[in-house]
Amino acid sequence: MSAALRYSLLAITFGLLVCAVAALHLGVAAESEVPHVEFNADNIGPRQIEDLTAKSVPRDYAFAWQTMEQALHENRPGLLDGYFTGTAKQDLGERVASQNKSGIHTRYQDRGHELEAIFYAPAGDAMQLRDRAQFDLQVLDGNKVIYEEPVKAEYIVLMTPGADRWMVRQMQAIGGEK
Amino acid sequence: MMKLGTLLVAMGLAAAAQAAEIRPPARVIAGTSITIPSGGSGDATFYLIGPKLASKKQVQAGSGIAVDSDQLERAGRYVAVLCASDGCSSASFFVVPAAANKLSLLVHPSRVPVGSMNGISTVAFVFDNFRNLVLKPEQVKFSILAKDSKEVSASRGSENGVSWVRISSAKKEGPVRIGAAIGHANEVRVVQQVAADACNLRIKVSRAKTGFLIETDPVRDCSGNSVPDGTVVSFTKSDSTGKTTVDVPIKRGVAKVEIPIQGSARITVASGVVTGNELQVAGGRAQ
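Quick note, the sequences are listed as chains G and P, same order. Okay, so the first sequence: first residue is 218 according to the working numbering, each after it adds one. Okay, so the second sequence: first residue is 114 according to the working numbering, each after it adds one.
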């Protein structure tokens, strides 16, 4: 084999290696991406939404989904502390614990959320929202995929303000179709 | 030959699909147990994934798979999966809330000035026994019971599990009990109605050892309620040397301060945004 051919093969191998590492890195980045949330507060009442709240609610809701997806994938309940409280945090914590016990984990590929604010308490201490979410859902037992499906789901969500962010207090799926 | 092969493969897949088939009901009421019929035969693994659980157990394919009521308490989307030697099949279903029987009541603020129009916000969230938000319309009965008066109540329909009212505070200070009831649930919060801003703030002057004693009449709001002790009253003296302000909290209903006055001075009084009368003190006499 000539030296030129050897160098060419080495260069190609190196190039492939770089591509593989880049692809792996992009995959990890995509997995931990903040989901896209389209927010609509046109029909909110009885309290009008403040400008700052209209920015922080969709931002914090997106972070909530991101941390939930990560917590259910990696079975790490501590990730839920940031954006969940009350019943939502308790439920998801139990879900992670039972996933851990059964050797199951869940993988989400988030396709985005249409978030509509429908009720804002007069005192500004609670907000109810409707989320039309789309995601691909995979349930794995160990490394074996036991369930895989694209899901369109609708959630009724209750958020309450915390010290510096809005927290998800209740998240209840109310309907959906494939 | 090719078509026959394809047909056989398709038949095989269909048989396999049938073998692992699982048929949960489309809709289950929260907190009820169910039996999920399954097809096929032999050992299999059954998974149930819901809002707060992800369980796994060994079952016999072809028999009914029992799911306990405590596994179906949380409303939402569930996925049932049955995996046998020939593969997995799955089906999703929804658990819907049971009858409304619990309330979460938010009442704000905890202290409100008297005569405050729509000053008390009351929001009730309607839940079933398992803390699922009951989304179908329900009647929530709100009641108001002030000291020494009869209870007043009104029903409001809930929308998406939320019912709310705004309540005006009474003219008289004191606690008011605000309640909301549905099913067996009856939640009560107490709001303290306190005097509003001072009204008709008046001062008088008398001689003291080292100067003049400036004292208010008992400080009351426009409805005659005593403004609480601790509320700050500001006394301001203006004379040829300039302006001096002294802030004094109300004690036992009145605010008073001793001010040294040389020559002539003007004394004014205020509490918050309310101003009172003013007095001119000259040559040691109040005018």
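All residues carry an ideal CB built from backbone N, CA and C; glycine is no exception.
Residues of the segment 272 to 295 of chain P whose Cβ lies closer than 9 Å to any Cβ of chain G, in chain order: E272, N273, G274, V275, W277 and R279.
Contact annotation: in the segment 140 to 173 of chain P, residues whose CB is within less than 7 Å of a CB in chain G are Y160, I162, P164, K165, L166, A167, S168 and K169. Going by DSSP, R382 of chain G is part of no alpha helix (DSSP H) at all; its letter is neither H nor E. Against chain G, the beta carbon of V359 of chain P has no neighbour under 7 Å; the closest one sits roughly 36 Å away. Within chain P, the residues placing a beta-carbon under 7 Å from that of Q345 of chain G are N273 and V275, ordered along the chain.
When secondary structure is reduced to three states using DSSP, S319 of chain G falls in the helix class. At least one C-beta of chain G is nearer than 8 Å to the C-beta of F207 of chain P. 8 Å or more divides the Cβ of V307 of chain P from the Cβ of P288 of chain P.
The contact set of A338 of chain G on chain P, defined by CB atoms closer than 9 Å, consists of L219, H221, S234, V236, V275 and W277 in chain order. For the alpha helix (DSSP H) assignment, the segment 175 to 213 of chain P encloses no uninterrupted run of at least 4 residues.
Bridge partners of R293 of chain G according to DSSP: none are assigned. With a 10 Å radius around the Cβ and a threshold of 16 neighbouring Cβ atoms, S146 of chain P comes out exposed. Collapsing the DSSP output to three states places V253 of chain P in a strand. Taking C-beta separations shorter than 7 Å and ignoring five residues to either side along the sequence, E311 of chain G has no partners in its chain. The three-state reading of DSSP puts I291 of chain P in strand, counting E and B together. Under the Cβ criterion of 8 Å, S203 of chain P is counted among the residues facing chain G. With 16 or more other Cβ atoms from the protein chains shown falling within 10 Å of its own Cβ, Y337 of chain G counts as buried. For R302 of chain P, the nearest beta carbon of chain G is not closer than 8 Å to its own beta carbon. The beta carbon of I335 of chain G falls within 8 Å of a beta carbon belonging to chain P, placing the residue at that interface. Residue pairing by DSSP puts Y337 of chain G in a beta bridge opposite G:P263 and G:M344.
The alpha-carbon of A283 of chain P is positioned some 14 Å away from that of S234 of chain P. No Cβ-Cβ contact shorter than 8 Å links T354 of chain P with S384 of chain P.
Residues of the segment 296 to 316 of chain G whose Cβ lies closer than 7 Å to any Cβ of chain P, in chain order: T304, D308, E311, R312, S315 and Q316.
Nearest neighbour of E186 of chain P by Cα position, chosen from P:F240, P:G152 and P:V359, turns out to be P:F240. With 16 or more other CB atoms across the displayed protein chains lying within 10 angstroms of its CB, R244 of chain P is buried. Residues T323 and G324 of the same chain have their beta carbon placed closer than 7 Å to that of P373 of chain P, with the five preceding and five following residues left out of the count. The alpha-carbon of H330 of chain G is positioned some 23 Å away from that of R264 of chain G.
Given a length threshold of 3 residues, each whole run of the beta strand (DSSP E) inside the segment 214 to 263 of chain P is given here in chain order: 224 to 226, 233 to 241 and 252 to 259. Note on geometry: alpha-carbon atoms of D183 of chain P and I266 of chain G lie some 39 Å from one another. Contact between the segment 157 to 172 of chain P and the segment 343 to 362 of chain G is present, with at least three C-beta pairs closer than 8 Å. Considering only G:K361, G:R382, G:Q389 and G:E286, the residue with the shortest C-alpha distance to P252 of chain G is G:E286. DSSP places G389 of chain P inside the beta strand (DSSP E), whose first and last residues are V387 to A395. Judged by beta-carbon spacing, A213 of chain P lies beyond the 8 Å limit of I142 of chain P, meaning their Cβ atoms are not closer than that value. The CB of Q387 of chain G comes closer than 7 Å to the CB of L246 in chain P, given here in chain order. Contact with chain P is absent for D353 of chain G, since none of that chain's Cβ atoms lies less than 8 Å from the residue's Cβ.
Residues of chain P with a Cβ closer than 8 Å to the Cβ of Y364 of chain G are, in chain order, Y160, I162, V192, V194, C201 and S203.
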